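Chains as they are written, first to last, in this note's numbering: chain A, 1057 to 1414; chain B, 296 to 530.
The C-beta atom is built at its ideal place from N, Cα and C for all residues, glycine as well.
Here the structure is a predicted model, which means the values were calculated and not measured.
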């Protein structure tokens, strides 16, 4: 194992992406992910990749569309309103079945919002802001190390599924520091290899066949068939890409559901409640789409209440309620606008809620 | 550790994430015990989070006035601008001033406008070194950071701060290795190592180690004011 180094989230995202096979990065500056764009501007060319600062997020995603169509392992990153601008492109890329890795270092919204951390892009990334029937697998790391591990695998995952992969890391994870271990760099895919490994790519005339990349399908029957084919893939993804972590849910009185930064605070709250003799557990969705419904089947049937803790107005509640399926009451503990609650605040609010379910 | 002889103005630069802000807060709090008037100027206009101005109430309760790129209670705005009153404690020679400068050469550029206050004998420009940050883990890497900061600001760095740590994973040996690393830099640059930061919990263990007097004299026990405990909670 290589040595521990201290890294800031945004730098670590870049380093992990490069080590995971990223060869193209297209970006446009936005807080709180600027250090990543800066890192890539410095590192990509040094390490055999290409860096483009686009003139906008719209340009970024469409340049990335072109790179992905040519078979390049491409990475785009932004923060909430910037990711909003990319939604049209993401819909096109999903329809064209191209691999791409996108990172959202999210902040407060709606609109231009603020620059402090937020999780109010849950609906944006899990439901998709673009048009049409499509899905993007979304992973929400709760630490810098987990972000590294997810990003390192994301490029091969995107290639395998021929679909964008989204990583939702809130601003806190982008800006905080953490000791991490970096994985060994993967060998980059050469242009000759692209022609062999990605026969669908527009990789030139040498490969001897014609590839077409498009999202336009004027014939309704043709489009319906295409969407059904996409959904066969999504059904498969729902089985294979579910990822979550759970802690002490089998005998819990109260089960928290929380992702990203909030899950770390909740972990501390669970220990605080344990000191009071209250058994609390945590389901931490790592894949937000597909949502880890299966985790809820392991919850103690005697659990009094499930609490969704989020940095938004309760966007994940819809998925939590669907997963709970009426077996337990579902309540919300939240802050928004860029405010991160303290462990004490969540602890006190949880105790108050628990008091209602004696 | 004796801070009584420290220069009136102590400006702190370094690689982003090297720990300038934690050093500045701990140092300013320690220093405030010796002076009637003390101030911290937060010149970090590059970082959006973890800025010393967020600890304004803690600092003010210790008698430290806080200045920087914020207006009244607005501390989260991302304004690449400074309020004019940031100059006040520099003008008033009764103030002991700690300056938390932004990261890297680009972040330290902001110092240029305060050039006239950096009078020889009245200031120190200290550079924070954390050997566990990838870009300053080699002598060449650390030197190149220092040279870039000097070139950008036109000021000579006068001392080093060994802040080699891995947050709550820090071991006493990390601090000692960081000191040895800084000794090499110190020899190359002909400037002293002014401080070695040590987490409060490790202070006694470090003092028991076989370390030289110069290192011992410069140990600054640091509490992690900027770091909420849940940030080190394993998810």
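Exercise. Run the CB neighbour count on residue 496 of chain B, radius 10 Å, all protein chains shown included, and call it buried at 16 or more, exposed below.
Key: exposed
Quiz prompt | Straight-line Cα distance separating residue 327 of chain B from residue 1240 of chain A | solution = 47 Å
Quiz item: Taking Cβ positions, are residue 1330 of chain A and residue 1349 of chain A nearer each other than 9 Å?
Solution: no
Self-check item: Simplified DSSP state of residue 1057 of chain A, which is helix, strand or coil
Solution: Unreliable placement is indicated for residue 1057 of chain A, whose pLDDT of 46 sits below 50; the coordinate value is still reported in the next sentence. Of the three classes helix, strand and coil, the one that applies to residue 1057 of chain A here is coil, per DSSP.
Exercise. Please check the pair residue 1296 of chain A and residue 1399 of chain A, which I expect to be a contact at CB under 8 Å, by giving their CB distance rounded to whole angstroms.
Key: With a Cβ gap of about 35 Å, residue 1296 of chain A and residue 1399 of chain A do not count as contacting.
Quiz item: Short check: CB of residue 424 of chain B to CB of residue 471 of chain B, under 9 Å?
Solution: no
Quiz item: Residues bridged to residue 1278 of chain A by DSSP?
Solution: For residue 1278 of chain A, which the question treats as bridged, DSSP gives no partner whatsoever.
Quiz prompt | Members of the segment 1125 to 1136 of chain A near chain B, C-beta cut-off 7 Å | solution = none
Exercise. Verify whether the separation of the beta carbon atoms of residue 338 of chain B and residue 381 of chain B is less than 9 Å.
Key: yes
Self-check item: With 16 other Cβ atoms within 10 Å as the buried cut-off, status of residue 1381 of chain A
Solution: exposed
Quiz item: Would a check of beta-carbon distances place residue 1057 of chain A closer than 9 Å to chain B?
Solution: Unreliable placement is indicated for residue 1057 of chain A, whose pLDDT of 46 sits below 50; the coordinate value is still reported in the next sentence. Chain B contact via Cβ: absent.
Practice problem: With a threshold of 16 other CB atoms inside 10 Å of the CB of residue 459 of chain B, please say whether the residue is buried or exposed. | Solution: buried
Exercise. Work out the CA separation of residue 1216 of chain A and residue 1291 of chain A for me, nearest whole Å.
Key: 15 Å
Exercise. Could you tell me which chain A residues have their CB closer than 9 Å to the CB of residue 344 of chain B, listed as they occur along the chain?
Key: 1088, 1171, 1172, 1173, 1227, 1228, 1230, 1231 and 1232
Quiz item: What three-state label does DSSP hand residue 1156 of chain A in the structure shown?
Solution: strand
Self-check item: Proximal residues to residue 1057 of chain A (C-beta, below 8 Å), its chain only, five neighbours per side dropped
Solution: Confidence at residue 1057 of chain A is low in this model, with a pLDDT of 46, below 50, so the placement of that residue is unreliable and no value is reported for it.
Self-check item: Paired residues, beta bridge with residue 514 of chain B - DSSP
Solution: B/491
Self-check item: Beta-bridge partners of residue 1315 of chain A, as assigned by DSSP
Solution: DSSP, once it has assigned bridges, lists no residue as partnering residue 1315 of chain A.
Quiz prompt | Three-state class that DSSP yields for residue 444 of chain B in the structure shown | solution = helix
Quiz item: Skipping 5 residues on each side, what residues in its chain have a beta carbon closer than 6 Å to that of residue 1142 of chain A?
Solution: 1113 and 1117
Quiz prompt | residue 355 of chain B at chain A interface by Cβ criterion, 9 Å | solution = no
Quiz item: Within the 9 Å Cβ cut-off, does residue 429 of chain B reach chain A?
Solution: yes
Exercise. Would you decide whether residue 1086 of chain A is buried or exposed? Buried here means 16 or more other CB atoms lie within 10 Å of its CB.
Key: buried
Quiz item: Considering residue 321 of chain B, what are the terminal residues of the beta strand (DSSP E) in which it resides?
Solution: Segment 315 to 327 is the alpha helix (DSSP H) holding residue 321 of chain B; no beta strand (DSSP E) there.
Quiz item: If you run the structure through DSSP and keep just helix, strand and coil, what is residue 519 of chain B?
Solution: coil
Self-check item: Which of helix, strand or coil DSSP assigns to residue 1271 of chain A
Solution: coil
Practice problem: Please confirm whether residue 1170 of chain A and residue 1370 of chain A have their CB atoms less than 9 Å apart. | Solution: no
Quiz prompt | Interface partners of residue 311 of chain B on chain A, CB under 8 Å | solution = 1064 and 1091
Practice problem: In the DSSP assignment, find the unbroken alpha helix (DSSP H) run with residue 1181 of chain A in it and report its ends. | Solution: 1178 to 1183
Exercise. Determine which residues share a DSSP beta bridge with residue 1234 of chain A and list them.
Key: A/1063
Quiz item: In whole angstroms, what is the alpha-carbon distance linking residue 305 of chain B and residue 457 of chain B?
Solution: 16 Å
Self-check item: Residue span of the beta strand (DSSP E) that contains residue 390 of chain B, given as start and end
Solution: 390 to 396
Quiz prompt | Partners in chain A for residue 425 of chain B, counting only beta-carbon separations shorter than 7 Å | solution = 1062
Quiz prompt | Within the segment 1101 to 1164 of chain A, ranges of the alpha helix (DSSP H) (whole runs, at least 4 residues) | solution = 1113 to 1125, 1136 to 1141 and 1143 to 1151
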